[in-house]
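What follows is a short report on a single structure.
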Amino acid sequence: MNVIDHVRDMAAAGLHSNVRILSSLLLTMSNNNPELFSPSQKYQLLVYHADALFHDKEYRNAGCKYRMALQQKKVLSKTSKVRPSTGGTASSLQSQSLPSEIEVKYKIAECYTILKLDRDAIAVLDGIPSRQRTPKINMMLANLYRKAGQERSAVTSYKEVLRQCPLALDAIIGLLSLSVKGAEVASMTMDVIQSIPNLDWLSVWIKAYAFIHAGDNLRAINTICSLEKKSLLRDNVDLLVSLADLYFRAGDTKNSILKFEQAQMLDPYLIKGMDVYGYLMAREGHLEDVEVLGGRLFNISDQHAEPWVISGCHSFYSKRYSRALYLGAKAIQLNSNSVQALLLKGAALRNMGRVQEAIIHFREAMRLAPCRLDCYEGLIDCYLASNGIREAMGMANNIYKTLGANAQTLTILATVCLEDPMTQEKAKTLLDKALAQRPDYIKAVVKKAELLSREQKYEEGIALLRHALANQSDCVLHRMLGDFLVAVNDYQEAMDQYSIALSLDPNDQKSLEGMQKMEKEESPTEATVEEDGDDMEGSGEDGDLEGSDSEAAQWADQEQWFGMQ
1 MNVIDHVRDM
11 AAAGLHSNVR
21 ILSSLLLTMS
31 NNNPELFSPS
41 QKYQLLVYHA
51 DALFHDKEYR
61 NAGCKYRMAL
71 QQKKVLSKTS
81 KVRPSTGGTA
91 SSLQSQSLPS
101 EIEVKYKIAE
111 CYTILKLDRD
121 AIAVLDGIPS
131 RQRTPKINMM
141 LANLYRKAGQ
151 ERSAVTSYKE
161 VLRQCPLALD
171 AIIGLLSLSV
181 KGAEVASMTM
191 DVIQSIPNLD
201 WLSVWIKAYA
211 FIHAGDNLRA
221 INTICSLEKK
231 SLLRDNVDLL
241 VSLADLYFRA
251 GDTKNSILKF
261 EQAQMLDPYL
271 IKGMDVYGYL
281 MAREGHLEDV
291 EVLGGRLFNI
301 SDQHAEPWVI
311 SGCHSFYSKR
321 YSRALYLGAK
331 AIQLNSNSVQ
341 ALLLKGAALR
351 NMGRVQEAII
361 HFREAMRLAP
371 CRLDCYEGLI
381 DCYLASNGIR
391 EAMGMANNIY
401 KTLGANAQTL
411 TILATVCLED
421 PMTQEKAKTL
431 LDKALAQRPD
441 YIKAVVKKAE
451 LLSREQKYEE
461 GIALLRHALA
471 NQSDCVLHRM
481 LGDFLVAVND
491 YQEAMDQYSI
501 ALSLDPNDQK
511 SLEGMQKMEK
521 EESPTEATVE
531 EDGDDMEGSG
541 EDGDLEGSDS
551 EAAQWADQEQ
561 WFGMQ
């Protein structure tokens, strides 16, 4: 047993730090005396040393050593051709024990991928002949092709994965995301479904994800619910997270939160989907719960984007936009495909007045998630913020035509129409259609109430809001109802509605302002005293504002430091 065998055994035992030290010393000896080790032994040393560097997350150094190993392998191949045929059995056994050249190339591609050098990774894997590509090589290639926009090549690689591994479900999702028909994908798994017992659910699962990637949220929800009700798949965390995400996309916040909570109870260490859950909780005003959730996820892993996004949502809804921007940028640094991180950073940039930068982020989110309407809504908000009504109208019409006339697309189009005095009637018609489809859709109710407020149709607005609140409770709806009640001089109930709104979201400034305004109107004398008190406290409020500005400057400095602006 020679020293190379000891290095190999330590590598197999996972003693990476030991391998790194010993292989480094042996490589230096080899450089000083090239005759000390044979070409095959030097090749092995370079691979084992690179593996140890990869384990220590020194990816550039590891990639360099892997490439040196491939160069050494070329030297080895040339010398083996020159050698006579004698001793062929021994050399054959030796070559079988050497680290695989294909595996080394895969490792180089992994290094490039981690370093975000996707083109270089594709070039390395493309250099492997098709017949020698293993399923994991084809899977990596497919993901890289899809990210680069090479959809045809991605489809070919995903199909090759399924040919070798018919139950590779992530490859199935990849094909469906590239608009391959569900029936075609299902046909590739039919033999294994029929030959293995208790796999009859797989065809339904494929059908559900085909609906998801076609943007048909309601049929996807019904299909996953039918799966989830089956005794063998009941309480599956992945299905619950998918269902929660679908409810979110469909605008059903209540059921989305419910399913996320159910998944969390089943798996306390769950990370996937928690960024969306944190966003919903922050939007609903539960900032203390969001802060706890973010802290808990940081304890689980700070190397995932989700905890950073959750903390960013907490900052965003606390109106600390510069900090939200930094946290969103950090999340993108960890996962450039995180749609929620892109939306967070885009929203922070928009609210800081950096609209053109925000547009870039919303467009990237749209590219990654073409069926998520909140990506389009963010972009439309940017257009409206920069008075680009024509661009906003074009985008809204495109969504309407592409995804069909559902409550969400109708409301998006109506929102843009409300910005133009010439299209107010069209907005009203669109909102009526949206509410006819889904009377409980909060965004449609809010926009219709805004329109009625403009027209001073207060009684009609009160009736609309009461109907919407019959089966749900929402801070914005209660606050708007309070505003309408004030307009018809029903101050007592208006005060009640503001109180309910504040109980749902203690940070809702508009409800607080409405309540304070009513108190001043009811008690003019007290109002005068309060105004004097406000003047006296003005310096304190200014101090808070100055503090928030200094904090923004601090986070802006940090963004520059990390190079994330």
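Numbered by UniProt numbering, the letters in the sequence shown go through residues 1 to 565 in order. In this text, a Cβ means the ideal position worked out from N, Cα and C, and glycines have one as well.
>> Does the contact criterion of 3 or more C-beta pairs under 8 angstroms hold for the stretch 336-350 versus the stretch 306-323?
In response: yes
> On the three-state DSSP scale, how would you describe residue 589?
Replying inline: Any answer about residue 589 is impossible in this case: the structure gives the chain only from 1 up to 565.
> Are the Cβ atoms of K207 and G182 separated by less than 8 angstroms?
Replying inline: yes
> If A69 and H16 are in contact, beta carbons under 8 angstroms, what's the gap, nearest whole angstrom?
Replying inline: Actually they are not in contact, since the Cβ atoms of A69 and H16 sit about 16 angstroms apart, beyond 8 angstroms.
> What do you reckon, are the CB atoms on Q340 and Y269 nearer than 8 angstroms?
Replying inline: no
> Going by beta carbon distance, what residues of the same chain come within less than 8 angstroms of T411, once the five residues before and after it are set aside?
Replying inline: L430, L431, A434, Y441, K443, A444, K447
> In three-state DSSP terms, what is R39?
Replying inline: Rather than Arg, the amino acid found at residue 39 in this sequence is Pro. Correct three-state label for P39: helix.
> So what's E151 in DSSP terms, helix, strand or just coil?
Replying inline: helix
> Quick one: complete alpha helix (DSSP H) runs, 4+ long, within the stretch 414-450?
Replying inline: 424-437
> For N2, does the three-state DSSP call read helix, strand or coil?
Replying inline: The DSSP-derived three-state label of N2 is coil.
> Quick one: Cα of L27 to Cα of T113, how far?
Replying inline: 27 angstroms
> Helix, strand or coil for H304 per DSSP?
Replying inline: coil
> How big is the Cα-Cα spacing for C64 and E58?
Replying inline: About 10 angstroms.
>> Suppose the cutoff is 6 angstroms on Cβ atoms and the five residues either side in sequence are ignored; what does the same chain contact list for L452 look like?
In response: If we look at L452 and ignore the five residues flanking it on each side, its Cβ neighbours are E460, G461.
> How would you call C225, buried or exposed, if buried means at least 16 neighbouring beta carbons within 10 angstroms?
Replying inline: exposed
>> I believe G312 touches G328 by the beta-carbon criterion, under 8 angstroms. Please report the beta-carbon distance rounded to the nearest angstrom.
In response: 5 angstroms
> Is it right to say P307 is buried, meaning 16 or more other beta carbons lie within 10 angstroms of its own, or is it exposed?
Replying inline: buried
>> To the nearest angstrom, how far is the alpha carbon of R149 from that of L178?
In response: A quick correction: the sequence has Gly, not Arg, at residue 149. Rounded to the nearest angstrom, the two C-alpha atoms are 10 angstroms apart.
>> I'd like to know whether the C-beta atoms of V47 and V124 end up nearer to each other than 8 angstroms.
In response: no
> Helix, strand or coil: how does DSSP classify R133 here?
Replying inline: coil
> Roughly how many angstroms separate the alpha carbons of L418 and A427, rounded to a whole number?
Replying inline: Taking the CA atoms as reference points, L418 sits about 6 angstroms from A427.
> Excluding five sequence neighbours on each side, which residues of the same chain lie with their C-beta closer than 7 angstroms to the C-beta of A109?
Replying inline: Taking C-beta separations shorter than 7 angstroms and ignoring five residues to either side along the sequence, the partners of A109 in its chain run A121, V124, L125, M140, following chain order.
> Which two residues bound the contiguous alpha helix (DSSP H) that contains G278?
Replying inline: 274-283
> For Q132, does the count of other Cβ atoms within 10 angstroms reach 16, so buried, or fall short, so exposed?
Replying inline: It counts as exposed.
> Which word fits G127, buried or exposed, when buried means at least 16 other C-beta atoms lie within 10 angstroms of its C-beta?
Replying inline: So G127 ends up on the exposed side.
>> Whole angstroms are fine: how far does the CA of R296 sit from the CA of V161?
In response: 36 angstroms
>> I'd like the list of long-range same chain contacts for N471, defined as Cβ closer than 7 angstroms, with 5 residues on each side in sequence excluded.
In response: D440
> When DSSP labels each residue in this structure, what does Y158 get in the three-state scheme?
Replying inline: helix
>> Quick check on the DSSP output: what are the complete alpha helix (DSSP H) runs of length 4 or more inside the stretch 166-213, in order along the chain?
In response: Segments of the alpha helix (DSSP H) lying fully in the stretch 166-213: 169-177, 182-187, 190-195, 201-213.
> Among residues of its own chain, excluding the 5 on either side of V276, which ones have a beta-carbon nearer than 7 angstroms to its beta-carbon?
Replying inline: D245, F248, Q340
> Rounded to the nearest angstrom, how far is the Cβ of V486 from that of G514, given a contact under 8 angstroms?
Replying inline: 7 angstroms
>> Can you find the residues in the same chain that come closer than 6 angstroms, C-beta to C-beta, to M188, ignoring five residues on each side of it along the sequence?
In response: Same-chain partners within the cutoff: L162.
> Since M352 is in the alpha helix (DSSP H), which residue starts that stretch and which ends it?
Replying inline: No alpha helix (DSSP H) contains M352, which DSSP labels as neither H nor E.
> Since P135 contacts C165 with CB under 8 angstroms, what's their CB separation in whole angstroms?
Replying inline: Their Cβ separation, rounded to whole angstroms, is 5 angstroms, which keeps P135 and C165 in contact under 8 angstroms.
> Can you name the start and end residues of the alpha helix (DSSP H) that K330 belongs to?
Replying inline: 321-334
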